[in-house]
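The opening residue of the sequence shown carries number 16 in my numbering; numbering runs sequentially from there. Ideal placement from N, C-alpha and C gives every residue a C-beta, glycine not left out.
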Amino acid sequence: MERPWQAIYEERLKAKPVPGLRQELSTENYQKKFYDTLWYEEKEHTIKLHNKCSGVYKLFVTDDVPPEVKELALKPERYKEFGYIEDDAFTYDKIEYATQASEGVKIYKSNDFYVCKALISQHNFFHVEQRLYLCFPGRTMRMLQGRSSHRKIHFKVKMKFELKHSYFSNLQHAIAVIPQYVINCLISDKHSFSRLEEKFKPQWSKYSFMKLDDVQTQALQMITSVSSRCVADSCPPPVLLNGPFGSGKTRILARAAYEVMTNGISKGDPFTRILICAHHPQSVNSFIEEYFTRIENKEGKLPYRVFHVSRYLGNPYPNSHNSHFYMTFDELENLEPEKLENVIIIASYNGSLSLYDIIDVPGYGYFNYVFLDEAAQVREPEAITPLALATHDAKIVLAGDDKQVGPKTLVLGEEAQNDGLDVSLLTRLTGHYKGMGPTAATYMTTLSINYRAHEDLLSLPELFYGKLHASENKPVWHHQGPSGYKFVCSDSRLVHDSVAANEQQQSVEACIVLEQALLYLKETEKERKPPQICIISSTRKQLNHIKQMVYRYPCYNILKEKKVKFLPSFMIQGHQFEAIFLCLLEPLKDGKIKEYFTKSLFNHFVFNTVITRAKTLVVTVGTPFEILDFEDQYISEADGEVKCWHEYLQLCKARGTISHLEPKIEKEFDERLEKRMQQNDPAPAPLRQSRVEKDFEKLGMLGKGGFGVVYHVLHKVDKGKYAIKMIPTTSGKVKREVHALSVLYHPGIVRYYNSFIDCAPVGWDDDDAMDEPSTSFGPSNSLSVQSVRTLSPIGANHNSSGTESFSIEFRDDSLQKNRSQEKGIPTHTKSTDETLTDDATDDTTSYSSLAGYQKYLFIQMELCQRKTLRDWLSINVHNRYRIKVFNFFVQILDAVIYMHDKDYIHRDLKVYVAIANKFYWGDPE
């Protein structure tokens, strides 16, 4: 008998989960827990789809359909007839929902006589007409026609839409076949983590499209390293790569695949097999277009096979120069994949389950590397689908951005949410690793430098990510057109679903959007490379208005020539454009309908996803007061939602980029924004709240010395305890200290998390006077800072009360004579030296709000418990066993060798003993 999660939907529906107390996820209940959550989520979606879309509509059966409907037809040998639903009652909103949620529709005649089941055409994802295109089995027309002698092409029929049960069946199948050794690595404990050892040194890349910065290189080394200890019944714990849009996650994965494969071939390994998965077709295709096609152009025919595998060739269409990279699953099966040696296969998450069906992997897997891009955008059962193909010792990598549209937005069922289905695997593991100690921390890398967007576009995404750093090395800087955010006021309105839309008003807003696009193209007409632009709306109907105007009026021909894209908000992920133009006309019924709000531009996940698709410019067309009113009425910041459009309008007002605002309402508009600003920042001028004060709670002072003060803090969001070093930025070389910390990645060296420049919270510098830090750089990047700590993480099962401290001693003989003392600088007094020197000057430019305040460098570090080697020696006078002492020495030496390999030296090493007689040392400036 089949297990419930392998059965068809009707069988699953009968196997309702047994109610009981909720249990924490474990290796024993992993499969059952996700079976239960998927059961509830599938039922919730089934009910919503039926209530929203099923009904009596006008159906057309005809060959007069776009050619893409026929070209993208699945099972063409059976589905030979075509047509569409076109009915006023079948609204744009229903078309969008049916396209996303349904895979087929059962058709009945008026007497409830069953006719057939039609498939939803894939073309519905790409057109914006008020039609739902369908594919019918042969003889459908004859069955609808019956015995009537009068030939008709349209019929009034009853339609019952069916959920994409195949999607949930695939997830249930993945849960059923996932190997136990993979489950074990996804439910890890502290003992699961061992030191990451360098397997090989990545090559220096001569290709600009593969170059990495220091933190990205650190992530690459994390991916290409191997765990020093193998566990018999588990894969090594996955390594995690978190980062916002444009931070290079896809590039790192592509570079890692290239490095791993090149190294395997050079060493004669015949079985280096890599699986790369992503969520969106554009993201999957970027590995071919942006990387492997270009590598082949540089190096000639590759000594390994690379395949982009999908169910059909058409999404995307392969180009003539790279068509050999693309194949269907049937074509791959004909190649007998078990016999393939060095191979990289790139597929979607769902597509990977088809790989499982065609590759014979009885119990030992197939791929020894599995890279999952966009892992924060999918439910956990979907993310583990590719892992069913992992070998026992596979290196698993998860990369993603949990601030974009993902399970938090897409999971609708309350039961499923309560059971954690709305948390992605990447997000769950990231939170889990944070409590697993310093070794687990080496299995994570967080990126923050943005390589995609213009710096003028980074301020709004910082609502979600915190401080983002703009890279100076961006091709987008060659773009000479306008940049930043712009808002154009219109006379149109947010349309209530119960009221017929005013066509004239919709056309007015459509016209404004198109005029803004034309203006942008004119401003960039001298660009060497024509910019890619996209017009976006959350409604298919408004997109249809805009597109019809483009094809109706000759004045918009240039938009067709420039191949302007028209996309609904729910299809924008995975795309990138120089400029995007947003139309804010939305159907808002009863404030927020849950299933509609998943694609609304007022949803902060959708908002962040959409605006971060632009590289240089975002233009929004809408009515300011209706936007403010809607957010004030329906968006609850107390529930974790964000009033994104308040922030957008505030920013545009401050930058002078709001246009066509009527003078008679400008004063009232300014008052609304001013009131909002006062609510956000009640502190009186000129005082401002420090970032460290917003994010951290001070628990006490850990130490002070010649460089500054170290505080014990609690992060207000993740509830983790950290050490924050607060250093006056009067030295122009403090950034080099941070750089040294950021590139050193070793379990024996204290963990660096983050750094930023800001003013100090009130009272944080009143504990004691602080001296200026002294740092000297000699040959080979040598540093002469003398502070070292080597401590065990707070949170271990021991009493750490009263023992958390730092030994802080900075000394620099070459600078000692010239050292200046700056004691007693008050927090909110004006400084006579407001500019950092050397390479630190760029930090202050991004903190213009700090003008007039004393600036400090804050460094967020791992928090540890103090116990020096001297302390250990004084306690263990008679039991200094040779093996134990030798082990201590090896640990110290291993960290020193690692630092020397990175071209850093430490001139005054102080060693601290952690719990379980492990050694750490730190502050390697």
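### Query
Cβ atoms of residue 436 and residue 57: under 7 Å apart, would you say?
no
### Task
Take residue 16 and list the residues in its own chain whose beta-carbon comes closer than 7 Å to its own, dropping the five residues that flank it on each side.
Residue placement at residue 16 is poorly supported in this model, since its pLDDT is 32, which falls under 50; the coordinates are not used for a value here.
### Task
Can you tell me which of the three DSSP states residue 894 falls into?
coil
### Query
Does DSSP classify residue 558 as helix, strand or coil?
When secondary structure is reduced to three states using DSSP, residue 558 falls in the helix class.
### Query
With 16 as the cutoff for other CB atoms within 10 Å, does residue 897 come out buried or exposed?
So residue 897 counts as exposed.
### Query
With 16 as the cutoff for other CB atoms within 10 Å, does residue 755 come out buried or exposed?
buried
### Message
Can you tell me whether residue 352 is buried or exposed? The criterion is at least 16 other CB atoms within 10 Å of its CB, across all chains shown.
### Response
buried
### Query
Who are the near neighbours of residue 404 in its chain, counting only those whose CB is closer than 8 Å to its CB and skipping five residues on each side?
The residues are 290, 367, 370, 371, 374, 376, 380, 381, 382, 385.
### Message
Please report the distance separating the alpha-carbon of residue 92 from that of residue 131.
### Response
16 Å
### Query
With which residues is residue 325 paired in a DSSP beta bridge?
Its beta-bridge partners are 343.
### Task
Answer with buried or exposed for residue 357, where buried requires no fewer than 16 other C-beta atoms within 10 angstroms of its C-beta.
buried
### Query
What did DSSP end up calling residue 647 once you bin it into helix, strand or coil?
helix
### Task
State the DSSP-derived secondary structure class of residue 574, mapped to helix, strand or coil.
helix
### Message
If contact is defined by three or more beta carbon pairs under 8 Å, each pair taking one atom from either stretch, is the region 199 to 216 in contact with the region 246 to 255?
### Response
yes
### Task
Output the distance between the C-alpha atoms of residue 440 and residue 413, rounded to the nearest integer angstrom.
9 Å
### Query
Tell me, which residues are paired with residue 414 by DSSP?
256
### Query
Which word fits residue 598, buried or exposed, when buried means at least 16 other C-beta atoms lie within 10 angstroms of its C-beta?
Result: buried.
### Query
Using the beta-carbon count (16 or more within 10 Å), is residue 732 buried or exposed?
exposed
### Query
What separation, rounded to the nearest whole angstrom, lies between the Cα atoms of residue 167 and residue 175?
22 Å
### Message
Using a Cβ-Cβ cutoff of less than 8 Å, which residues in the same chain neighbour residue 431 once the five nearest sequence positions on both sides are dropped?
### Response
52, 53, 55, 56, 59, 437
#### Entry: Cβ shell of residue 909 (< 7 Å), same chain only, five flanking positions each side left out
763
### Inter-stretch contact at 8 Å, needing at least 3 Cβ pairs: the region 573 to 581 / the region 616 to 634
no
### Message
On the criterion of 16 or more Cβ atoms from any shown chain inside 10 Å, does residue 680 qualify as buried, or is it exposed?
### Response
exposed
### Query
Quick one: what's got a C-beta closer than 8 Å to residue 241's C-beta in the same chain, skipping five residues either side?
211, 212, 214, 251, 410
### Task
Using DSSP bridges, identify the partner residues of residue 151.
Its beta-bridge partners are 96.
### Query
So, is residue 734 buried or exposed, given that buried needs 16 or more other C-beta atoms within 10 angstroms?
Residue 734 is exposed by the Cβ-count criterion.
#### Entry: Alpha-carbon spacing of residue 48 relative to residue 434, whole angstroms
8 Å
### Message
Between the alpha carbons of residue 588 and residue 126, how many angstroms are there, rounded?
### Response
Each residue's alpha carbon lies about 43 Å from the other.
### Identity of the residue in 563, 264, 259 nearest residue 292 by Cα
264
### Contacting residues, own chain, Cβ-Cβ under 7 Å from residue 729 (five flanking each side not counted)
711, 712, 714, 736
### Task
Give the DSSP bridge partners of residue 728, in chain order.
713, 737
### Query
Between residue 150 and residue 222, is the Cβ-Cβ spacing less than 7 Å?
no
### Query
Would you report the Cα separation of residue 687 and residue 187, rounded to the nearest angstrom?
50 Å
### Message
Buried or exposed for residue 108, going by 16 or more other Cβ atoms inside 10 Å?
### Response
The residue is buried, with at least 16 neighbouring Cβ atoms inside 10 Å.
### Task
Out of 137, 905, 105, point me to the one whose CA is closest to residue 82's CA.
Checking every option, the nearest Cα to that of residue 82 belongs to 137.
### Task
Rounded to whole angstroms, what's the CA-CA distance from residue 659 to residue 397? Just pull it up for me.
30 Å
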